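Novice: Residue numbers (our numbering), protein chains in the order written: chain W, 454 to 629; chain D, 3 to 161.
Glycine included, every Cβ here is placed at the ideal spot set by N, Cα and C.
It should be emphasised that the depicted structure is a prediction, and the values quoted were computed from it without experimental measurement.
First the structure, which I've put down as structure tokens, then a few questions once you've had a look.
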């Protein structure tokens, strides 16, 4: 398992222990994480659906970027910080969790997808942003993003079902 | 009139029994429910931001509401379908949770607001809207639906 030493070090920190022992911290952080996730995922969902060409078809893509992105990024920051603190409150518990790793891997891939889109198809956005039918690059980026964020949400929920994991994952943890 | 007999009956339904007895059924409905929460939230937020004079201000409110309405309705239907087995199998836990009643009340008021005042505003021309009341409605709508999500999450955490 990667980063075992790092997670063990975090688990022993005073602040991690304090968070873990606090009665209200975990419910507060999880609720904050959920509500900011709903806002972020909802907004990025509509942005992606615009890229695919199935929603907000009359709104120029750059207008969505300009007017919706700030709210989306604000929600993402809250989701990220609350998510980090949730993991920080129980590092070793999350370290052993199959869905935690899948979720984080997908988030990295979603970020790469966004980066690739930004560096390629989005560079020509002024040529196609008013078209209800979007170019192939936008459609692919939008579909990939929608799929990844949907699975990220699902794996986030599945973290609570730590016993419902593949056999090979159980064997891997037992071997350590 | 006590609703306890109703909630007790819910736990005896075959759907509740099935969801309590099987391993994967509850996680599956919960993950679909959560994706639908995200879709619903997006549809609500895009329009509520516009009502508050934020977000896609270059787009007429009527156009924006019309564009997001199919997704709002679809998400709400999925939420009802996936929420029902959860409601039935966890009925007694919810009956005794103050957060469940908080969620239910917030949801009722939010629904009434959405299908009456908010819907009427979303069908108006931008020139007829004014600046004060749309902000009140947008903020109230966001607050109520946030309350629904918060209440729902706290049922499982603090009951």
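Between residue 516(W) and residue 58(D), what straight-line distance do the alpha-carbon atoms span, to the nearest angstrom?
Specialist: Computed Cα separation, rounded: 7 angstroms.
Novice: Kindly indicate which three-state DSSP category residue 40(D) falls into: helix, strand or coil?
Specialist: Helix.
Novice: On the criterion of 16 or more Cβ atoms from any shown chain inside 10 Å, does residue 120(D) qualify as buried, or is it exposed?
Specialist: Per the 10 Å Cβ criterion, buried.
Novice: Can you name the residues of chain W whose CB is closer than 7 angstroms to the CB of residue 120(D)?
Specialist: Within 7 angstroms Cβ-Cβ: nothing; residue 120(D) doesn't reach chain W, min ~17 angstroms.
Novice: What do you get for residue 508(W), buried or exposed, if any count of 16 or more other CB atoms within 10 angstroms of its CB means buried?
Specialist: Buried: at least 16 other Cβ atoms inside 10 Å.
Novice: Residue 91(D): buried (16+ other C-beta within 10 angstroms of its C-beta) or exposed?
Specialist: Looking at its Cβ environment, which holds 16 or more other Cβ atoms inside 10 Å, residue 91(D) is buried.
Novice: Is there a Cβ from chain W that is less than 9 angstroms from the Cβ of residue 114(D)?
Specialist: No, residue 114(D) does not count as interfacial toward chain W.
Novice: Can you list the alpha helix (DSSP H) stretches of 4 or more residues lying completely in the region 469–524 of chain W, in chain order?
Specialist: For the region 469–524 of chain W, whole alpha helix (DSSP H) runs of length 4 or above, ordered along the chain, are 478–505.
Novice: Can you check which of these residues, 51(D), 24(D), 150(D), 128(D), is closest to residue 81(D) by C-alpha distance?
Specialist: The option with the nearest alpha carbon to residue 81(D) is 150(D).
Novice: Which residues bound the alpha helix (DSSP H) around residue 565(W)?
Specialist: Here the alpha helix (DSSP H) through residue 565(W) covers 551–572.
Novice: Suppose the cutoff is 7 angstroms on Cβ atoms and the five residues either side in sequence are ignored; what does the same chain contact list for residue 85(D) look like?
Specialist: The answer, listed in chain order, is 35.
Novice: Between 153(D), 134(D), 67(D), 137(D), which lies nearest to residue 109(D) when the distance is taken from Cα to Cα?
Specialist: Residue 153(D) is the option with its Cα nearest to residue 109(D).
Novice: Helix, strand or coil, according to DSSP, for residue 141(D) in the structure here?
Specialist: If DSSP states are grouped into helix, strand and coil, residue 141(D) belongs with the helices.
Novice: Would you call residue 476(W) buried or exposed, if buried means 16 or more other Cβ atoms sit within 10 Å of its Cβ?
Specialist: Residue 476(W) comes out exposed.
Novice: Run through DSSP, which three-state label would residue 456(W) get?
Specialist: In this structure, residue 456(W) counts as coil in the three-state DSSP scheme.
Novice: Quick one: residues in its chain with C-beta nearer than 6 angstroms to the C-beta of residue 528(W), no 5 flanking neighbours on either side, listed in chain order?
Specialist: Excluding residues within five positions, the ones whose Cβ falls inside 6 angstroms are 489, 492, 493.
Novice: Answer yes if the region 545–557 of chain W comes into contact with the region 610–621 of chain W, meaning at least three C-beta pairs across the two stretches below 8 angstroms, and no otherwise.
Specialist: Yes, the region 610–621 of chain W is in contact with the region 545–557 of chain W.
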